[in-house]
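Numbering-wise (the numbering used here), the sequence shown opens with residue 67 and increments by one. Ideal Cβ placement from N, Cα and C applies to all residues, glycine included.
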Amino acid sequence: MRLVMTEPVEKMERPYARRWWALLVLCLSLLIIVMANTALTVAAPDMTEDLGLSSADLQWVIDGYTVPYAALMLLFGAIGDKYSRRGALLLGLGVFGGGAVLGSLADSATTVIAARAIMGTGAAMIMPATLSLLAATFPRGERARAITMWTATSGVAIAAGPLVAGALLEHHAWTSTFLINVPIAAVAAVAALVLVPPSRAAARGRIDYVGGLLSVVWIGALVYMIIEGPHFGWHAKAVAAAVIAGIGLVLFVVRELRHPRPVVDVRRFTDRGFAGSNLAVALFFLAVFGAFYYLTQHLQFVLGYSALETGLRMLPLAGAVFAGSALTGFLTPRVGMKWTVTAGMVGGTAALALLTRIDAGSSYGDFVAPLIVLGLAIGLALSPATDAIMGAFPESELGVGGAVNDTSIELGGSLGIAILGSLLATSYSDHLSAATAGSRLPASALAGAQDSVGAGYTVAQGIGEQARQVAARAAQATDPQQAAQLKAQAEQLATGARQMADAVGSSFSEAVAHTSLIGAIVLGVGTVLVAVLLPGRKGSEETAQVEERELVEAR
Numbered sequence: 067m068r069l070v071m072t073e074p075v076e077k078m079e080r081p082y083a084r085r086w087w088a089l090l091v092l093c094l095s096l097l098i099i100v101m102a103n104t105a106l107t108v109a110a111p112d113m114t115e116d117l118g119l120s121s122a123d124l125q126w127v128i129d130g131y132t133v134p135y136a137a138l139m140l141l142f143g144a145i146g147d148k149y150s151r152r153g154a155l156l157l158g159l160g161v162f163g164g165g166a167v168l169g170s171l172a173d174s175a176t177t178v179i180a181a182r183a184i185m186g187t188g189a190a191m192i193m194p195a196t197l198s199l200l201a202a203t204f205p206r207g208e209r210a211r212a213i214t215m216w217t218a219t220s221g222v223a224i225a226a227g228p229l230v231a232g233a234l235l236e237h238h239a240w241t242s243t244f245l246i247n248v249p250i251a252a253v254a255a256v257a258a259l260v261l262v263p264p265s266r267a268a269a270r271g272r273i274d275y276v277g278g279l280l281s282v283v284w285i286g287a288l289v290y291m292i293i294e295g296p297h298f299g300w301h302a303k304a305v306a307a308a309v310i311a312g313i314g315l316v317l318f319v320v321r322e323l324r325h326p327r328p329v330v331d332v333r334r335f336t337d338r339g340f341a342g343s344n345l346a347v348a349l350f351f352l353a354v355f356g357a358f359y360y361l362t363q364h365l366q367f368v369l370g371y372s373a374l375e376t377g378l379r380m381l382p383l384a385g386a387v388f389a390g391s392a393l394t395g396f397l398t399p400r401v402g403m404k405w406t407v408t409a410g411m412v413g414g415t416a417a418l419a420l421l422t423r424i425d426a427g428s429s430y431g432d433f434v435a436p437l438i439v440l441g442l443a444i445g446l447a448l449s450p451a452t453d454a455i456m457g458a459f460p461e462s463e464l465g466v467g468g469a470v471n472d473t474s475i476e477l478g479g480s481l482g483i484a485i486l487g488s489l490l491a492t493s494y495s496d497h498l499s500a501a502t503a504g505s506r507l508p509a510s511a512l513a514g515a516q517d518s519v520g521a522g523y524t525v526a527q528g529i530g531e532q533a534r535q536v537a538a539r540a541a542q543a544t545d546p547q548q549a550a551q552l553k554a555q556a557e558q559l560a561t562g563a564r565q566m567a568d569a570v571g572s573s574f575s576e577a578v579a580h581t582s583l584i585g586a587i588v589l590g591v592g593t594v595l596v597a598v599l600l601p602g603r604k605g606s607e608e609t610a611q612v613e614e615r616e617l618v619e620a621r
């Protein structure tokens, strides 16, 4: 047996014998690039304190990963199809690992943002490569089951990121959340050489690099606009990005319609099943990433859990993803993907609706049911939608198919964090202003507290520290009258600190409920649209038969 797998999967006369081991490698590669995003939400407070990050710096530490990740996937998917899908995976793991090393050595906001951008570039190579290698390696009859495991891994990674980061932060600095990626990427690369067969398109012509660059421009500008506008205001940068995204998209569509070998055939989006599947993926991740953004904050700041405790309390989501994935594997062949995808989206809407009950008196127990329902919904909806997207592409464009699916994920996730995050911040600020009306809190302190829930508790702690200092002075005072005055002042400050902390917690809880309501409405409307777009079981079977005949004729 050769140590390195060299036989291309396209030349094998029968299905690759170790394909399930290969899937394990692909899932491991997927795991680290998804966890790189979710783990950062837990490591952010320590990183902010150590590097002195502003709120804008922290936002770009998070989103510096997202922009290149989303923008480059289509082009990298096409390059992987033509030259080597496994090569794209290996190169991506190397770039990702290098960015992680740089991140672990970072001592400034600029360096850590650059490291995250490098990691995002590596992820843009890895993500479509994992899905295209999966589709190339598994026969059509097994592909749906393999994709179910792939999507389950993605869902589990969302919950596992905070758990791993929390465990590391118990005994190590925030840099460990970067460094942990390096050995995992190295193991994945070695395992890919041994277990994953090479793959490339048998009949891929010259790549339309102009179309590829246009896709980079319009997707990158769109994601930048999504991040910049809601968080930092619709100033010149955000407006310019919107204009560039619009012009770039029009040029890209015109180019792809006229080019004989487009990067992606945009006519596919006129197919109801393909368009509906992409819409389902985008809307679902809008809800999931948006909810995850504020749930982790609520668990850490309002309920006071440590990073590790927060990660442990996200585990019901991970377990439910597996259960939902098993359920969709049973249901989809029997009732059709339209019903499982729609049921999953209804479940996601219900999970957000359950979160509207959150208030100042809520405990962790109030979050368990929404987490379980959301996990089941992820498992139900995503794998059949992903399978439908991949099934729309011929063998020569599997990398592009994976990139289209993954771009829908990233655009949806970016919109979720931007839109729901912006609504959360506005709602929290408004509720806090109302809750502190009539208090003697200085305007500057209120403005600082309104910046974020973490800043709000920092202001409350500052008032509490002032109370302790005044109390210490009262204890040392020799004049009884002065001591009594200082003691009364200390008690007043201590009461103000408790009231401020209560106001911050209740305001954020109300903001979570309000934002969840908006998210539920958006996902609910989207569910209706997806249900209308997706074909029924009979239509899906007829489409699959037509596509199969076309593939046979093409060969």
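- The residues V536, in chain order, have a CB closer than 6 Å to that of Q555 in the same chain once the five nearest residues on each side in sequence are set aside.
- Contact fails between the stretch 196 to 207 and the stretch 270 to 287, because fewer than three Cβ pairs, one in each stretch, are under 8 Å apart.
- Counted as a single uninterrupted DSSP element, the alpha helix (DSSP H) harbouring K553 occupies residues 546 to 599.
- Residues I192, M193, T196, W216, T219, S220, A223 of the same chain have their beta carbon placed closer than 8 Å to that of L96, with the five preceding and five following residues left out of the count.
- Cβ atoms of G188 and F351 stay farther apart than 8 Å, at about 20 Å.
- Between Y82 and P263, the gap from beta carbon to beta carbon is short of 7 Å.
- In this chain, the alpha helix (DSSP H) harbouring M191 covers 175 to 203.
- Three or more Cβ pairs closer than 8 Å define a contact, and the stretch 401 to 412 meets that threshold against the stretch 587 to 603.
- For V262, the secondary structure class from DSSP, reduced to helix, strand or coil, is coil.
- Leaving aside the five residues that flank G163 on each side, the residues in its chain whose CB is nearer than 6 Å to its CB run, in chain order, V248, A251.
- The Cβ atoms of A577 and Y523 lie no closer than 7 Å to each other.
- About 15 Å separates the beta carbons of T422 and S572, which is beyond the 8 Å limit, so they are not a contact pair.
- Using a 10 angstroms sphere on the CB of I475, the tally of other CB atoms reaches 16 or more, which defines it as buried.
- Residue burial is scored here from C-beta neighbours: V330 has at least 16 other C-beta atoms within 10 angstroms and is therefore classed as buried.
- Separation of G520 and A419 (C-alpha to C-alpha, rounded to the nearest whole angstrom) is 25 Å.
- As the crow flies, the alpha-carbon of R324 is around 33 Å from that of L156.
- When rounded, the separation of the alpha-carbon atoms in A122 and L393 is 42 Å.
- In terms of Cα proximity to F318, the closest of A307, G277, Q125, G590 is G277.
- By the Cβ test, the stretch 344 to 358 is not in contact with the stretch 68 to 88, since fewer than three Cβ pairs between them sit closer than 8 Å.
- Counting along the chain, the unbroken alpha helix (DSSP H) around K148 starts and ends at 132 to 148.
- E294 and V387 have their C-alpha atoms roughly 32 Å apart.
- The three-state secondary structure of E73, taken from DSSP, is coil.
- In this structure, the beta-carbon distance from G118 to R182 does not fall below 7 Å.
- Linking L229 to A454 through their CA atoms gives a straight-line distance of about 32 Å.
- In the structure shown, Y82 falls within a coil segment according to DSSP collapsed to helix, strand and coil.
- By the neighbour-count criterion, in which a residue is buried when 16 or more other Cβ atoms sit within 10 angstroms of its Cβ, V594 is exposed.
- When secondary structure is reduced to three states using DSSP, L119 falls in the coil class, being assigned neither helix nor strand.
- Residues of the same chain with a CB within less than 7 Å of the CB of I292, apart from the 5 flanking positions on each side, are S480, L481, A484 in chain order.
- Exclusion of the five residues before and after G590 leaves T415 as the residues of its chain whose Cβ lies within less than 7 Å of its Cβ.
- Counting the other CB atoms within 10 Å of its CB gives W240 a total of 16 or more, which places it among the buried residues.
- Within its own chain, the residues whose Cβ lies closer than 6 Å to the Cβ of T107, once the five positions on either side in sequence are excluded, are T362, listed in chain order.
- The C-beta distance from G169 to V178 rounds to 6 Å, short enough to fall under 8 Å.
- Less than 7 Å divides the Cβ of Y290 from the Cβ of V133.
- Taking 4 residues as the minimum length, the alpha helix (DSSP H) runs contained wholly in the stretch 351 to 438 are 373 to 378, 381 to 401, 403 to 421, in order along the chain.
- V434 and A210 have their C-alpha atoms spaced approximately 29 Å apart.
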